[in-house]
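J.:
Protein chains: 2
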Amino acid sequence: MRAVRTQQNTAPFVRLFGRYLREQGLPITQQRELVAEVVFSTDRHLSVDEIEETLRAGGERIGKATIYRTLDLLVRSQLVEEHDFGEGFKRYEHRLSPQPVHEHLICTECGGVWEFRSTEVEKIEERVAREYAFRPTRHKLEIYGLCEPCREAGAEIPYEGLTCPIETV
Amino acid sequence: MRAVRTQQNTAPFVRLFGRYLREQGLPITQQRELVAEVVFSTDRHLSVDEIEETLRAGGERIGKATIYRTLDLLVRSQLVEEHDFGEGFKRYEHRLSPQPVHEHLICTECGGVWEFRSTEVEKIEERVAREYAFRPTRHKLEIYGLCEPCREAGAEIPYEGLTCPIETV
DNA sequence: GTCCATGCAAACCTTTTGCACTATA
DNA sequence: TATAGTGCAAAAGGTTTGCATGGAC
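If you're matching them up, the sequences are chains A and B in order.
Residue 859 in our numbering is what sits at position 145 of the first sequence, and the numbering runs on without skipping anything.
Residue 834 in our numbering is what sits at position 120 of the second sequence, and the numbering runs on without skipping anything.
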């Protein structure tokens with residue numbers, strides 16, 4: 715198996731995925747390791763197309779079905795998180811960073827994604843857990859808007875709603 | 715035009731949508747009014763199939779394409795919000811409640827959705843706007859977990875991750 | 001040797017689009 | 001009467017699945 719892209723030393727992370735597969739009694743295949751390596755090699759939020767393209771750029775040709783199936787395993791293992799930023803397809807991000815839990819800032823102009831930590835959200839979780847007798851397992855906080863470069867480039871937030879919006883009737 | 719479902723007096727809301735259409739120079743059609751009426755007649759988060767079904771139950775047969783096109787207008791008018799709770803399709807909720815801005819609690823067992831207000835999120839928005847020079851336009855906070863009835867019924871959170879999860883490597 | 005994964009293509013599902021026809025203003 | 005909407009069916013686009021072949025253990 716050849717390294718597809720080695721910005722970081724992905725070997726320990728890939729090994730962790732191997733451990734998960736072994737625990738589940740599933741074979742460790744070249745394809746699975748290669749897909750995992752691509753996902754672990756970047757901190758970006760990759761789409762399936764981007765993963766496929768990265769593999770191809772590294773000389774590896776892996777079927778989309780296998781990529782989807784491997785991503786499913788990576789998500790089940792909890793080593794990878796699935797995101798949907800409303801683009802019509804999913805994105806995947808590994809959780810082996812120093813900041814495994816974080817929220818997202820998404821620029822609606824350029825599609826850029828930034829990450830931030832928020833201890834406040836955990837407090838909100840606790841509060842609603844109490845008030846609604848709800849047991850939270852995970853949450854998702856996404857703030858959409860314009861990033862500074864886009865705003866400086868003159869991007870505007872289009873307003874198409876009613877000319878005199880009503881908040882309550 | 716016949717009332718499809720009148721749990722609440724939806725007429726003023728539908729009229730608001732009419733005003734939006736007029737402002738945009740678009741015709742007010744029976745189909746548009748009927749779809750709007752269904753969406754405004756409930757506080758639930760409706761899927762396109764549910765809207766179609768409700769219309770059919772009321773004796774109205776409106777093509778799915780028209781429903782999708784009307785929902786697009788309702789969302790543009792800001793009278794309706796689009797949600798994606800990860801079910802593989804979208805849901806729609808009108809914003810003409812006493813609580814137009816709110817967050818969601820989603821039970822992963824029964825699919826139930828509860829709403830709660832959080833002023834904390836606005837503070838988080840302000841904070842990251844400052845820290846990241848980001849101009850927020852909207853946000854989405856969703857907390858997934860188990861609601862009390864499901865938990866009492868014995869529902870468990872399946873854990874399939876690595877037996878010894880690592881937070882950081 | 002057994003079981004499972006892979007790759008391809010077909011199927012799937014939601015959503016969008018093209019087009020002939022119809023309704024709105 | 002001009003302009004835009006409707007409904008149907010087909011297309012689109014991401015994701016999943018069936019099946020014959022090939023690989024892991």
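Glycine included, C-beta positions come from ideal geometry on N, C-alpha and C.
Along the region 760–793 of chain B, what residues have a CB closer than 8 Å to any CB found in chain A?
T.: Answer set for the region 760–793 of chain B: Arg790, Ser791, Gln792, Leu793.
J.: Which partner residues does B/Arg733 have in the DSSP bridge list?
T.: For B/Arg733, which the question treats as bridged, DSSP gives no partner whatsoever.
J.: Can you list, in chain order, the residues of its chain with a C-beta nearer than 6 Å to that of A/Ile776? Leave out the 5 residues immediately preceding and following it.
T.: Gln745, Leu769, listed in sequence order.
J.: Comparing C-alpha positions only, which one of B/Phe848, B/Ile857, B/Val815 sits nearest to B/Glu807?
T.: Comparing Cα positions, the closest option is B/Val815.
J.: Under 9 Å Cβ-Cβ, which residues of chain B neighbour A/Tyr847?
T.: It should be noted that the sequence gives Ala, not Tyr, for residue 847 of chain A. Ordered by position in chain B, the residues that pass the 9 Å Cβ test against A/Ala847 are Cys861, Glu862, Arg865.
J.: Counting contacts by CB-CB distance shorter than 9 Å, is A/Thr851 in contact with chain B?
T.: At least one chain B Cβ lies under 9 Å of A/Thr851.
J.: According to DSSP, B/Leu760 sits in a beta bridge with which residue or residues?
T.: For B/Leu760, which the question treats as bridged, DSSP gives the partners B/Tyr806.
J.: Identify which residue in A/Ile820, A/Ile857, A/Gln738, A/Pro726 has its Cα closest to the Cα of B/Tyr873.
T.: Selected option, being the one with the closest Cα: A/Gln738.
J.: With burial defined as no fewer than 16 other Cβ atoms inside 10 Å of the residue's Cβ, what is the status of A/Ile857: buried or exposed?
T.: Counting Cβ neighbours within 10 Å, A/Ile857 comes out buried, since at least 16 surround it.
J.: Report yes if the C-beta distance between A/His759 and A/Arg790 is below 9 Å; otherwise report no.
T.: Contact: no.
J.: Work out the CA separation of A/Glu839 and A/Pro850 for me, nearest whole Å.
T.: Cα-Cα distance, rounded: 7 Å.
J.: Smallest Cα separation from A/Phe799: which of A/Cys861, A/Thr780, A/Leu855, A/Arg865?
T.: Checked all of A/Cys861, A/Thr780, A/Leu855, A/Arg865; the closest Cα to A/Phe799 is A/Leu855.
J.: What are the uninterrupted segments assigned as beta strand (DSSP E) that are 3 or more residues long and contained completely in the region 838–878 of chain A, given in chain order?
T.: Entirely contained in the region 838–878 of chain A, the beta strand (DSSP E) runs reaching 3 residues are, in chain order, 849–860.
J.: Contact between the region 829–845 of chain B and the region 858–869 of chain B is defined here as three or more beta-carbon pairs at a separation below 8 Å; is this criterion met?
T.: No, they do not touch.
J.: What three-state label does DSSP hand A/Leu785 in the structure shown?
T.: DSSP places A/Leu785 in helix when its eight states are reduced to three.
J.: Going by other Cβ atoms of all chains shown within 10 Å of its Cβ, with 16 needed for buried, is A/Ala725 buried or exposed?
T.: So A/Ala725 ends up on the exposed side.
J.: Are there 16 or more other CB atoms within 10 angstroms of the CB of B/Phe754, so buried, or fewer, so exposed?
T.: Label assigned to B/Phe754: buried.
J.: The alpha helix (DSSP H) spanning B/Leu748 covers which residue range?
T.: First-last of the alpha helix (DSSP H) with B/Leu748: 744–754.
J.: Compare the Cα-Cα distances from B/Tyr782 to each of B/Arg865, B/Glu767, B/Glu795, B/Val762 and report the closest residue.
T.: For the residues B/Arg865, B/Glu767, B/Glu795, B/Val762, the minimum Cα distance to B/Tyr782 belongs to B/Val762.
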